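Using the UniProt record's numbering, read the sequence shown as starting at 1 and increasing by one per residue. Even for Gly, the Cβ is constructed at its ideal location relative to N, Cα and C. Predicted model, so just to flag it, every value in this text is computed and none were measured. Everything below concerns the one structure shown next.
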Amino acid sequence: MSAGRLGAVGDWMQSQVESKRVPGAVMLIVRNGQVAYFEAVGQQDPVHGTPMSKDSISRIYSMTKPMTSVVAMMLVEEGKLQLDAPLSRFLLAFATMKVGVERKDPATGAKTLESVGTLRPITVHDLLRHTSGITYGVFGDSAVERLYRAAQIGLHGDFTNAELADRVAALPLQNQPGTAWEYGFSTDVLGRVLEVVEGQTLGTIMRRRLFAPLGMKDTGFGLP
Numbered sequence: 001m002s003a004g005r006l007g008a009v010g011d012w013m014q015s016q017v018e019s020k021r022v023p024g025a026v027m028l029i030v031r032n033g034q035v036a037y038f039e040a041v042g043q044q045d046p047v048h049g050t051p052m053s054k055d056s057i058s059r060i061y062s063m064t065k066p067m068t069s070v071v072a073m074m075l076v077e078e079g080k081l082q083l084d085a086p087l088s089r090f091l092l093a094f095a096t097m098k099v100g101v102e103r104k105d106p107a108t109g110a111k112t113l114e115s116v117g118t119l120r121p122i123t124v125h126d127l128l129r130h131t132s133g134i135t136y137g138v139f140g141d142s143a144v145e146r147l148y149r150a151a152q153i154g155l156h157g158d159f160t161n162a163e164l165a166d167r168v169a170a171l172p173l174q175n176q177p178g179t180a181w182e183y184g185f186s187t188d189v190l191g192r193v194l195e196v197v198e199g200q201t202l203g204t205i206m207r208r209r210l211f212a213p214l215g216m217k218d219t220g221f222g223l224p
């Protein structure tokens, strides 16, 4: 790899810190099993001036999605989970889901939200590919998304995967299952499905199936 271009990577990272777009960052580039670039810039704690280090622990947020999906496919390979299985087989609260459809009065322009039945059940496959109709409620302003925001799920509050799934099931879907890609809580609900199938918490499942075998000793749902 080009030493000059790798140096430009470091310059770009430093520029992001200096422009205050990020307090700090770590970048690792591996090619053919060999580390080509590994540097840390900026601070991990700007308040106390703690510098960023190569082993600083960071939140990975939605990168837990592929991890959850990998575990799901492990269970599919083992015959414990089927892609075409209805979600309600594992989580009964999703058995009678409704889809929120906005209607506009042509005379007054007033909008109302109508709940209609689903044309087919949500499947495990839908959860994996974000076609369940479940949304987040943060990227748009539809009537359904406003209901999600009002319910204050997601980053608001401290509750289990089971409680999160129940809260999602109580809300209407943004789309009919299988008809549209919608970024949302699908993978969170899938995580609850894994808990039901395995009889363990998602953190325990990931540690047993992914983190421990791969030597990811610093990865988990809490600080090590």
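Taking contact to mean 3 or more Cβ pairs, one atom from each stretch, closer than 8 Å, check whether the stretch 161-169 and the stretch 185-194 are in contact.
Flag = yes, the stretch 161-169 and the stretch 185-194 touch.
Sort out for me which residues DSSP pairs LYS80 with in a bridge.
Looking at the DSSP assignment, LYS80 forms no beta bridge with any residue, so it has no partner.
Measuring straight from C-alpha to C-alpha, what distance separates LEU128 and ALA151?
Answer to the nearest angstrom: the Cα atoms are 24 Å apart.
Per the DSSP calculation, GLY34 is bridged to which residue(s)?
The question names Gly, yet the displayed sequence has Gln at residue 34. Per DSSP, ARG31.
Only counting the same chain, and skipping five residues up and downstream in sequence, which positions put a Cβ closer than 7 Å to that of ARG31?
Counting only Cβ-Cβ distances below 7 Å, and skipping sequence neighbours, we find MET1.
Around the C-beta of THR215, are 16 or more other C-beta atoms found within 10 angstroms, so that it is buried, or is it exposed?
Residue 215 is actually Gly in this sequence, not Thr. GLY215 should be labelled exposed.
Is the beta carbon of PRO86 closer than 8 Å to that of THR123?
The answer is yes: Cβ separation under 8 Å.
So the candidates are PRO224, PHE38, ILE29 and LEU194; which of them puts its Cα closest to the Cα of SER69?
Per the Cα distances, LEU194.
Roughly how many angstroms separate the alpha carbons of VAL26 and HIS130, rounded to a whole number?
Spanning the two alpha carbons is a distance of roughly 29 Å.
Report all residues from its chain with a CB closer than 7 Å to the CB of GLN200; omit the five preceding and five following residues, and keep chain order.
Hits under 7 Å: none found.
Examine the Cβ distances between the stretch 55-71 and the stretch 205-221 and report whether three or more of them are shorter than 8 Å.
Verdict: yes, contact present.
Residues in the same chain with beta-carbon distance under 7 Å from PHE38, minus the five sequence neighbours each way, listed in chain order, please.
Counting only Cβ-Cβ distances below 7 Å, and skipping sequence neighbours, we find LEU28 and LYS54.
Find the nearest neighbour of LEU223 within the set ILE60, GLY24, ALA180 and PHE90, judged by alpha-carbon distance.
Closest option to LEU223, Cα to Cα, is ILE60.
Throw me the rounded Cβ distance for the GLN174 and GLY100 pair, which I believe falls under 8 Å.
Confirmed, about 7 Å.
Using the Cβ count rule (16 or more neighbours within 10 Å means buried), how would you classify PRO46?
Exposed, since its Cβ has fewer than 16 Cβ neighbours within 10 Å.
Considering Cα atoms alone, identify which of SER132, THR179, GLU198 and ARG192 is closest to LEU171.
Answer by Cα proximity: SER132.
Whose CA, out of LEU81, ALA3 and ARG192, lies closest to the CA of ALA36?
Checked all of LEU81, ALA3 and ARG192; the closest Cα to ALA36 is ALA3.
Considering GLU18, what are the terminal residues of the alpha helix (DSSP H) in which it resides?
Element bounds for GLU18: 3-18.
By DSSP, does ARG21 sit in helix, in strand, or in coil?
It is coil, neither helix nor strand.
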